[in-house]
Each structure stands twice: as C-alpha cells, then as structure tokens.
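One structure is given here, and the rest of the page talks about it.
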Amino acid sequence: MQYDWSQFRKRIPINASARDIFLAWATPAGLEKWFLRSAQFTSLQQTRRNKYDQIEMGDRYKWRWFGYNDETFEIGEVFYTNHHDSIQFSFCGCLVEIKIIKEHHVTILELVQSNIPVTEEGKTTLHLGCMAGWVFYMANLKSILENGIDLRNKNEVLQDVLNA
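Pasting the structure below:
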C-alpha cells in the first residue's frame, strides 16, 4: 500500500469535556492558551471578534506564534463550525478539520489536514512539518486542559527547538 502524502490524521485522548476542547479551538482566547501568541478573527462584516467570541463560518484569521517575530504569521479562513464538536479551516493552503468524538467513554480530539500538494515541498513542509507541529500543539492542548502546564517556548531568541 502506497503512503498518502496528500493528507494525515492525528488523534489524541484528552481528559476534558468536549465543550472545553471545542472552546479551545473556537475562540481567540482559547487558541492563545495552548497554540498561538495572537489569534485575530475578522467577521464577514469586517468587524474584529473579541477574545471570547466564538468563530463563525466565513471568518478570516491572522495567527502569530510564540518563538517567532511578528513577520511570521498565517492568514486563513474558517470554512465551517457547528459550534459543538467540528471546525474546518484553511491552513497553509490546505484544509484542516478538527472533530471531537467519544470512543469507549473517552473524549478524542481528531485532526485531519488534507489537500496537501504531493510535491517535494508539500511532502516536507506541509505534510511532515505541519504534522510535527500539530502533534506538539495537540499534546500541549492536552497538557493545558489536564494539568495547566504550557509546554510552548515563549522565548523568541531560542530557535530550532521543537516547542516553537
């Protein structure tokens, strides 16, 4: 069987409510607790969402990370949210879908990144690079929700570390 470079799926059990996991993805404040230094969302009406507003379909975002300067950012769009357990958004020109599901009485966060170009750059940067990033940040979300410990590198001077 040939490996599918056009997508990947990652799953992690998290000992937290589906609602808490969802809000960690669905609000700027939630995203800034475990993933981003700055999460800005703008509505279809061009108004900026406040930190505790839930994102909506059609929102545009601008994200910045700890460990990187202000010139490093990602701009994208929210394609779908059901305000409960599923969100779809663009990321690096790809599609990312998160789902929160129950399996055997355990809450699972599932992330699928798809529409990855099957080129050398797509394989290295978007498949392997994004997969490594999502694995770290999903583990950090688990750490924050279960233990309150943030694993991110917040020192811009430290480079080439796995937690930035």
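Everything in the sequence shown is counted per the numbering used here, starting at -10 for the first residue and increasing by one.
By construction, the Cβ of each residue, glycine as well, lies at the ideal position given by its N, Cα and C atoms.
- Secondary structure of Thr36 (DSSP, three-state): coil.
- Beta-bridge annotation (DSSP): Pro2 is paired with Ile97.
- Two segments are said to touch when three or more pairs of C-beta atoms, one from each, lie closer than 8 angstroms; by this definition the stretch -7 to 1 touches the stretch 88 to 104.
- In this structure, Arg38 keeps its C-beta atom at 8 angstroms or more from the C-beta atom of Glu66.
- Here Trp23 really is in contact with Ile133; their C-beta atoms are around 5 angstroms apart, less than 8 angstroms.
- Of the residues Gln35, Gln(-9) and Tyr41, the one whose Cα lies closest to the Cα of Ala28 is Tyr41.
- Taking the Cα positions, His73 is about 7 angstroms away from Arg8.
- Scanning Ile76, His94, Thr36 and Cys81 for the CA closest to the CA of Ile87 turns up Ile76.
- An exposed status is given to Tyr(-8), since fewer than 16 other beta-carbon atoms sit within 10 Å of its beta-carbon.
- Spanning the alpha carbons of Gln34 and Met(-10) requires a straight line of approximately 47 angstroms.
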